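Asks: Mind having a look at this structure? Questions to follow.
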Amino acid sequence: EPIEKEVNPHLLPGELLLCEASTVYKYVQEDGSNRGTYGKLVCTNFKISFLDDDSASDDNEPQFKNKIVGENDITLQCVDQIYGVYDEKKKLLTGQLRKYPEKLIIYCKDLRVFNFCLRYTKEEEVKRIVSGIVHHSQTPKLLKRLFLFSYASAAPNNTDGRNQTVMFETLEDWRDELERTKGNVKYKAVTTNEGYRSLEQIPCTEEFTYFSHLMNIFLQIWCWSCHNGAALLKMSTFPKEQDDSTSQMQKAFLDGIYKTISKPPYELLKMDDLSSSLPSLQDIQTAYTRFKQLFLIDNSTDFWATDVKWFSLLESTNWLEIIRRVLKKAIEVAECLEIQHTNVLLIEESATDLCCVISSLVQVMMDSYSRTKSGFQSLIQKEWVIGGHSFLDRCNHLHKSEKEEAPVFLLLLNCVWQLVQQYPPAFEFTETYLTVLSDSLYVPIFSTFFFNSQHQRDTNKVRVWYFVDAVGPFRFLTVWDWCVQFDPKALAFLNNPLYAEKPKPDRSQRKTARFKHQRQLSLPLTQAKPSTKRGFFREETDHLIKNILGKRIGKFINSSDEPPNSLREFYDSWHSKPVDYHGLLLPRIDGPEIKVWAQRYLRWIPEAQLHGGGTIATAAKILDLMEEVQSLQVKMDEEHSQAVSGDAHSVPMLRNSARLSSLFPFALLQRQSVKPALPTSTWKDLEDEDDLVKRDDEFVDLSGDML
Amino acid sequence: MASSSTSKYNSNSLENSSSKQNLKDGTNWEQNEEIPRLPGETRVTDKDVIYMCPFNGPVKGRVYITNYRLYLRSVENDPVVILNVPLGVISRIEKMGGASSRGENSYGLDITCKDMRNLRFALKQEGHSRRDIFEVLTKYAFPQSHSLPFFAFVNEEKFPENGWMVYNPMSEYRRQGLPNERWRVTFINEHYGLCDTYPSLLVVPYNATDDDLKKVAAFRSRNRIPVLSWIHPETQAVIMRCSQPLVGMSGKRNKDDERYLDIIREANGQISKLTIYDARPNVNAVANKATGGGYESEDAYPNAELSFLDIHNIHVMRESLKKLKDIVYPNVEESHWLSSLESTHWLEHIKLVLTGAIQVADKVSSGRSSVLVHCSDGWDRTAQLTSLAMLMLDSYYRTIEGFEVLVQKEWISFGHKFASRIGHGDKNHADTDRSPIFLQFIDCVWQMSKQFPTAFEFNEQFLITILDHLYSCRFGTFLYNSEFLREKEKVTDRTLSLWSLINSDKSKYTNAFYSKELNRALYPVASMRHLELWVNYYIRWNPRIRQQQPNPVEQRYLELLALRDDYIRRLEELQITNNSKISNSSASSTSPSQMVSQVQTHF
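Protein chains in written order, with our numbering: chain A, 26 to 732; chain B, 318 to 920.
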């Protein structure tokens with residue numbers, strides 16, 4: 026019996042209610058039964074939200090809660106696909122609808138599945154809500170229609186700006202990074218014109234690193250320098266159509282490279298064209314589409330039916346194999362830098378996809394700073410956000426073109442997760458951190474993942490600036506302000522209790538390094554010299570490129586199948602030694618070592634739940650113990666300062682962790698059934714061993730005994 | 318025991334100057350000796366060989382053979398390569414290459430082991446060197462085929478704990494609250510007259526007389542009558558185990574058996590049906606009729622509900638493990654790992670066994686119906702199902718000692734044919750009686766402990782140690798097929814128990830994360846999404862695939878525990894001093910601020 030009740034959605038600043046429907050029945054995904062709850066389904070310019078009529082369940086506040094996106098909220102960007110059910114048949118809903126379905130199934134990009142029954146809803150409301158949801162979440166959108174802008178206009182300047190993450194938005198950040206990695210011996214941070222379009226200040230000296238807020242084109246950019254001075258660089262291949270200015274720019278630039286490597290000291294430079302040595306974006310997209318399908322499960326029958334051939338299904342998606350190849354490539358690059366002391370130049374069409382994956386991974390593996398929370402966030406800023414990864418297109422946030430869509434950033438997070446689970450003490454953050462970071466890709470209140478480039482971000486920032494009637498300096502929120510999404514209690518789950526900080530002396534060193542920097546800031550930048558070789562340049566560079574690419578790439582292409590011995594040696598010798606969690610970290614990449622990121626992919630599937638089990642069981646014990654130790658510490662301090670100890674003998678408050686679900690902190694299934702999950706379809710097929718199958722354990726004719 | 322564990326021995330054994338060492342396996346090592354030796358272990362021969370290590374290439378070394386082990390130490394490598402292999406793990410010794418073999422290192426021995434590895438040694442072709450070593454190895458690896466005793470009978474080790482005292486059937490049944498008004502202990506099998514593969518002490522329904530039992534025995538394969546394994550403390554539902562009924566082609570019936578099952582059904586005070594789980598696939602159960610076996614028909618047992626659990630026979634399991642070895646040793650299949658793993662079916666078998674056990678446990682704990690489990694003979698699949706169900710239902714079995722009791726009871730005393738399944742000291746490597754049924758059970762336990770990392774008192778090392786000594790023949794625990802035979806050979810008097818080794822050094826086998834929970838059913842999820850290949854066991858010889866030891870998470874936890882204890886201790890000390898201060902200060906009525914400064918200066 027549906028009860029009409031007035032429930033209002035919680036709206037963010039700038040959020041507008043677009044349409045709603047009442048008496049919608051939301052199924053509990055848990056089992057095949059039709060259990061569920063009635064409520065209101067609303068669609069705003071930010072999210073689709075189901076409001077439970079019976080909101081009394083809010084009593085037990087979960088320990089881990091997202092303040093922006095609730096359990097029954099789906100941001101418009103998080104919607105993956107919407108299906109309508111007509112007479113028991115599922116049909117994909119896109120664009121204009123003629124007939125309205127009786128059931129709505131929403132598949133989310135964070136792998137939640139929502140089932141809404143519209144049978145009890147008024148026809149008018151069904152029409153409005155279904156077309157509203159489909160329109161707002163599935164049809165092409167203008168950038169300025171992103172919720173980001175209305176939110177930013179309505180709630181400007183609400184960030185405290187106190188964030189340890191280096192944003193790499195200023196030259197100083199780059200200089201500091203060069204200093205930190207001691208890359209400043211050879212490289213120099215320079216800026217191009219503030220307009221980001223022209224490149225008048227191309228440095229043609231051997232110190233040629235520059236970061237540019239170029240539209241989408243990066244020529245070469247320094248990523249990171251190894252302790253031995255070898256540098257990791259990335260560069261885009263040249264666009265085929267060139268106007269005059271860009272071709273001149275390229276000439277001058279290549280001249281820089283040419284000079285660097287042809288002048289003494291001769292430095293080795295290995296080029297690796299990632300577009301030929303790694304799977305294409307199309308391959309990655311196809312693999313992930315197949316892979317995620319394995320986790321978008323409608324019901325229990327589905328779960329057990331796919332369980333039978335689980336491993337071959339997993340393998341056929343190719344997703345884990347892609348992860349393995351990417352990790353292997355990162356090991357190759359690390360070997361070049363670490364052992365061969367060779368500069369590595371990663372090349373890719375735009376240098377903003379696989380280049381970002383590989384360069385980030387290499388830094389996570391080689392630079393323990395990238396394994397801290399602020400270090401990792403700075404890395405994402407450097408390589409991805411400022412590095413110009415096209416988040417808008419790759420996530421298809423605007424539904425402009427599916428061709429551009431590819432889960433490149435997710436690929437990185439998946440690879441980092443492999444390292445996190447292989448070396449738990451090496452990371453300051455947890456897998457939960459990576460999971461919520463992956464979820465944040467679809468929360469359009471942060472600018473971080475909603476632009477294609479820094480240039481696009483800045484031009485649009487200016488636009489909003491004019492919108493807002495000059496209410497002080499305007500800033501988009503950055504995802505790194507985690508307190509926007511989580512309260513302190515929940516934030517605790519992002520920090521790894523196993524992480525052992527690097528010994529202190531190093532820290533102070535970094536501080537002094539930063540300090541030193543301030544002085545160097547005043548030094549004038551080397552002025553770019555105009556190239557003197559204009560006329561002959563093309564031939565020369567072609568020759569250079571042919572030479573370098575021909576030789577080096579050939580080697581790298583082969584390496585994807587059978588690694589050269591030096592690589593195997595490097596890998597084996599590293600693995601034969603005890604792990605230094607603050608040193609170089611190499612992922613293990615043999616078959617059994619590459620695993621499915623269970624937390625991200627299985628978290629909404631009740632059948633996969635272990636009551637009181639999973640890695641959370643040990644993690645909770647460690648957290649409890651840490652709390653106890655901390656409270657003891659406090660007590661000690663109290664004892665020191667206070668002689669009256671009397672009644673303060675309370676036992677430290679412990680979390681009741683005995684029966685946490687393995688899906689914690691995500692799916693909070695209160696309705697825990699005591700019944701164990703039982704496979705409904707099991708495998709019995711053993712054709713190839715028929716004769717064995719039919720035999721009995723030991724052949725003894727028992728009937729003989731009876732006579 | 319492994320070439321991969323080189324450094325561990327190297328660092329603490331070879332370069333250490335103390336005269337006596339305790340090695341990881343409990344062996345004492347006198348300094349003047351070249352190899353570690355157990356008390357009672359004698360050297361037989363030694364020889365220069367080349368160990369064809371599949372991971373590091375040929376290794377020059379010297380191999381020593383004793384009546385217990387094969388020990389190899391490299392002579393040139395740094396770090397030193399060590400092999401330490403109990404002869405009991407050897408399944409097969411083959412000569413490779415002939416006197417005329419040309420290729421480098423092509424002449425020698427190829428040794429197949431039961432613990433997922435092969436060892437290859439190249440020898441010099443001249444002077445019968447191979448014949449000697451082959452004969453010595455064959456003799457001591459297969460003592461049963463050479464009328465020699467197992468090493469367990471000459472082992473003179475001493476342990477502070479006596480593992481034979483761990484299991485006492487009477488006290489285990491008492492722990493379960495038995496006997497009670499519905500269940501009694503019978504001594505009918507005291508001299509193994511009723512059933513020579515059962516233990517002497519059995520628990521049966523109070524309402525069934527010993528005469529009844531004898532009549533039932535006539536209708537059950539090898540006289541293995543339904544007896545109690547476990548009783549639920551609340552529902553009083555029981556897990557019974559037995560062998561198949563001798564139905565045969567003609568569909569024979571036996572009134573006594575039918576009545577006996579009805580007595581069992583009634584004994585829990587419920588009116589529900591008795592659930593019979595036949596572990597076999599339906600077709601196999603039907604096929605068994607041809608040889609006189611079969612299953613309980615609905616006509617004959619109207620108050621019973623029969624289901625088949627589709628677990629395959631010992632031959633299928635043996636082949637599956639063989640395939641698994643092919644993909645993990647010596648090299649791990651790289652690019653098609655998952656489909657290769659799937660094609661071995663090993664984890665699917667694990668899934669089926671676990672699924673069956675979950676059904677048994679669930680029936681007993683929530684279905685409030687008693688359960689009867691059998692397969693054909695009731696010593697392989699039946700033992701797996703009852704013991705796993707008991708592990709799920711009774712948290713006692715998740716302790717170190719409880720698990721030892723479980724193995725002693727459901728496996729050893731109820732006649733799992735360890736001798737036949739493992740082939741202890743028997744040269745007949747192709748014997749079709751061999752099958753990794755117990756390994757599969759331990760794997761299931763490992764899967765459970767992986768899913769519930771805080772629920773078990775024991776750790777992975779405990780399970781691996783059990784498996785190592787399943788083959789080693791150093792202890793009497795797993796020798797022989799039945800309690801009857803063990804008694805005949807006086808195993809408890811003449812050999813040591815594996816539990817002596819383990820219980821004398823419990824901390825090594827203890828899971829730091831264990832939290833004791835009483836009366837909590839623990840249901841693993843038997844889904845391929847959660848089942849994993851036990852890499853640390855099956856692929857442990859491969860140095861490339863090795864988990865970090867010690868486990869860093871556990872290490873951190875132990876550090877924290879130590880820190881906490883330290884705080885508690887210091888806090889107590891502090892409180893004592895403070896309390897004495899309070900009594901002093903209250904006497905002199907000092908103001909609080911003064912007290913504070915007092916305390917602070919004190920520290």
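Idealized CB from N, CA, C, for every residue including glycine. Note that the structure is a prediction, hence the values are computed from the model and not measured.
Report the residue from B:527, B:407, B:722, B:447 whose alpha carbon sits nearest the alpha carbon of residue 426 of chain B.
Replies: One-based indexing of the second sequence puts residue 426 of chain B at position 109. That would be B:447, whose Cα lies nearest to the Cα of residue 426 of chain B.
Asks: Have a look at residue 500 of chain B and residue 576 of chain B and give me their C-alpha separation to the nearest angstrom.
Replies: For the purposes of this step, residue 500 of chain B is taken as the residue at position 183 of the second sequence. For the purposes of this step, residue 576 of chain B is taken as the residue at position 259 of the second sequence. Their Cα atoms are separated by approximately 16 Å.
Asks: Below 8 Å on C-beta distance, what does residue 694 of chain B contact in chain A?
Replies: Taking the first residue of the second sequence as position 1, residue 694 of chain B is located at position 377. Simply 722, 723.
Asks: Would you check if the distance between the CB atom of residue 156 of chain A and the CB atom of residue 122 of chain A is smaller than 8 Å?
Replies: Along the first sequence, read from residue 1 onward, the residue named residue 156 of chain A stands at position 131. Along the first sequence, read from residue 1 onward, the residue named residue 122 of chain A stands at position 97. Contact: yes.
Asks: How far does the beta strand (DSSP E) with residue 47 of chain A in it extend, from its first residue to its last?
Replies: The sequence position of residue 47 of chain A within the first sequence is 22, counting from 1. Residues 42-52.
Asks: Any beta-carbon of chain A closer than 8 Å to the one on residue 845 of chain B?
Replies: Start at 1 with the first residue of the second sequence, and residue 845 of chain B comes out as number 528. Yes, because at least one Cβ of chain A sits closer than 8 Å to the Cβ of residue 845 of chain B.
Asks: Using the C-alpha atoms, what's the distance from residue 46 of chain A back to residue 475 of chain A?
Replies: Counted from its first residue, the first sequence places residue 475 of chain A at position 450. Counted from its first residue, the first sequence places residue 46 of chain A at position 21. For residue 475 of chain A and residue 46 of chain A, the distance between alpha carbons rounds to 30 Å.
Asks: Below 8 Å on C-beta distance, what does residue 534 of chain B contact in chain A?
Replies: Taking the first residue of the second sequence as 1, we reach residue 534 of chain B at position 217. Per Cβ cutoff of 8 Å: no residues; residue 534 of chain B is ~12 Å from chain A at best.
Asks: Could you check the C-alpha separation between residue 415 of chain A and residue 484 of chain A for me, to the nearest Å?
Replies: Looking up residue 415 of chain A in the first sequence gives position 390. Looking up residue 484 of chain A in the first sequence gives position 459. If I take the Cα positions, the gap works out to 15 Å.
Asks: From residue 94 of chain A to residue 510 of chain A, what distance separates their C-alpha atoms?
Replies: Taking the first residue of the first sequence as position 1, residue 94 of chain A is located at position 69. Taking the first residue of the first sequence as position 1, residue 510 of chain A is located at position 485. Taking the straight line joining both Cα atoms gives about 8 Å.
Asks: Is DSSP giving residue 364 of chain B helix, strand or coil here?
Replies: In the second sequence, the residue the question calls residue 364 of chain B occupies position 47. Note: residue 364 of chain B maps to strand in three-state DSSP.
Asks: Between the alpha carbons of residue 428 of chain B and residue 371 of chain B, how many angstroms are there, rounded?
Replies: In the second sequence, counting from the first residue as 1, residue 428 of chain B sits at position 111. In the second sequence, counting from the first residue as 1, residue 371 of chain B sits at position 54. Those two C-alpha atoms are separated by around 13 Å.
Asks: Is the region 622-629 of chain B in contact with the region 721-738 of chain B, if contact means three or more CB pairs nearer than 8 Å?
Replies: Result no; under three Cβ-Cβ pairs closer than 8 Å.
Asks: Provide the residue(s) that pair with residue 389 of chain B in DSSP beta bridges, ordered along the chain.
Replies: Within the second sequence, numbered from 1, the residue matching residue 389 of chain B stands at position 72. Partner(s): B:380, B:400.
Asks: Does the pairing of the region 707-721 of chain B with the region 597-615 of chain B give three or more beta-carbon distances under 8 Å?
Replies: Because the criterion of three Cβ pairs below 8 Å is not met, the region 707-721 of chain B and the region 597-615 of chain B do not touch.
Asks: In the structure shown, what three-state DSSP assignment does residue 411 of chain B receive?
Replies: Here residue 411 of chain B is taken as the residue at index 94 of the second sequence, counted from 1. Residue 411 of chain B falls in the strand class under three-state DSSP.
Asks: Along the region 824-835 of chain B, what residues have a CB closer than 8 Å to any CB found in chain A?
Replies: Correct list: 830, 832, 834.
Asks: Starting from the beta carbon of residue 654 of chain B, find every residue of chain A whose beta carbon is closer than 7 Å, and list them in chain order.
Replies: The residue given as residue 654 of chain B occupies position 337 in the second sequence. Near residue 654 of chain B (Cβ distances below 7 Å), the residues of chain A are 616, 617.
Asks: Would you list, in chain order, the members of the region 610-642 of chain B that have their beta-carbon closer than 7 Å to a beta-carbon of chain A?
Replies: Cβ contacts with chain A: 610, 627, 629, 630, 631, 632, 633, 636.
Asks: Candidates B:790, B:765, B:791: which alpha carbon is nearest residue 780 of chain B's?
Replies: Within the second sequence, the letter at position 463 stands for residue 780 of chain B. Answer by Cα proximity: B:765.
Asks: Does any residue of chain B bring its CB to less than 8 Å from the CB of residue 600 of chain A?
Replies: Stepping through the first sequence from its first residue, residue 600 of chain A is reached at position 575. Answer yes: the Cβ-Cβ gap between residue 600 of chain A and chain B drops below 8 Å somewhere.
Asks: Verify the CB distance criterion: does residue 775 of chain B have a CB-CB separation below 8 Å to chain A?
Replies: On the second sequence, residue 775 of chain B is found 458 positions in, with the first residue counted as 1. By this cut-off, residue 775 of chain B is not an interface position.
Asks: Grab me the residues of residue 702 of chain A's own chain with a C-beta within less than 7 Å of its C-beta, minus the 5 sequence neighbours each way, in chain order.
Replies: Locating residue 702 of chain A in the first sequence gives position 677, counting from the first residue. Hits under 7 Å: 632.
Asks: Give me the DSSP bridge partner(s) of residue 636 of chain A.
Replies: Residue mapping note: residue 636 of chain A aligns to position 611 of the first sequence, counting from 1. Answer by DSSP bridge pairing, in chain order: A:686.
Asks: Would residue 916 of chain B pass as an interface residue toward chain A - the criterion being a Cβ-Cβ separation below 8 Å?
Replies: To locate residue 916 of chain B, count along the second sequence from 1; it is residue 599. With a pLDDT of 30 at residue 916 of chain B, under the threshold of 50, the predicted position of this residue should be treated as unreliable, though the coordinate-derived value follows. So yes, residue 916 of chain B belongs to the interface.
Asks: Take residue 394 of chain B as the anchor and find which of B:402, B:385, B:376, B:404 has the nearest alpha-carbon.
Replies: As a position in the second sequence, residue 394 of chain B is number 77, starting the count at 1. Comparing Cα-Cα distances from residue 394 of chain B to each of B:402, B:385, B:376, B:404, the minimum goes to B:376.
Asks: Looking at the structure shown, is residue 368 of chain A part of a helix, part of a strand, or coil, going by DSSP?
Replies: Position 343 of the first sequence holds residue 368 of chain A. Reduced to three states, the DSSP call for residue 368 of chain A is strand.
Asks: Reducing DSSP to helix, strand and coil, say where residue 409 of chain A ends up.
Replies: Counting from one through the first sequence, the residue named residue 409 of chain A turns up at place 384. Helix.
Asks: Using only the alpha-carbon positions, how far apart do residue 860 of chain B and residue 353 of chain A sit?
Replies: Reading the second sequence from its first residue, position 543 is the one you call residue 860 of chain B. Reading the first sequence from its first residue, position 328 is the one you call residue 353 of chain A. Distance between the alpha carbons of residue 860 of chain B and residue 353 of chain A is about 18 Å.
Asks: Distance check for residue 107 of chain A and residue 737 of chain A, CA to CA, integer angstroms please.
Replies: No information on residue 737 of chain A is available, as it lies outside the stretch 26 to 732 that chain A covers here.
Asks: So residue 762 of chain B contacts chain A; which residues on that side make the cut at Cβ distance below 8 Å?
Replies: Within the second sequence, the letter at position 445 stands for residue 762 of chain B. By Cβ distance, chain A contributes nothing, its closest Cβ being about 14 Å from residue 762 of chain B, past 8 Å.
Asks: Using a Cβ-Cβ distance under 8 Å, would residue 627 of chain A count as near chain B?
Replies: Looking up residue 627 of chain A in the first sequence gives position 602. Yes, residue 627 of chain A lies at the interface with chain B (some Cβ there is under 8 Å from its Cβ).
Asks: Is the Cβ-Cβ distance between residue 631 of chain B and residue 538 of chain B less than 8 Å?
Replies: The residue you call residue 631 of chain B lines up with position 314 of the second sequence. The residue you call residue 538 of chain B lines up with position 221 of the second sequence. Result no, Cβ atoms of residue 631 of chain B and residue 538 of chain B do not sit closer than 8 Å.
Asks: Is the CB-CB distance between residue 877 of chain B and residue 151 of chain A below 8 Å?
Replies: In the second sequence, residue 877 of chain B corresponds to position 560, counting from 1. In the first sequence, residue 151 of chain A corresponds to position 126, counting from 1. Not closer than 8 Å, so no.
Asks: Chain B partners of residue 700 of chain A, CB-CB under 8 Å?
Replies: Reading the first sequence from its first residue, position 675 is the one you call residue 700 of chain A. Simply 679, 683.
Asks: Considering only residues of the region 414-467 of chain B, which uninterrupted beta strand (DSSP E) runs meet the minimum length of 3 residues and lie entirely inside it, listed in chain order?
Replies: Counting only runs of 3 or more, we get 425-430, 435-439.
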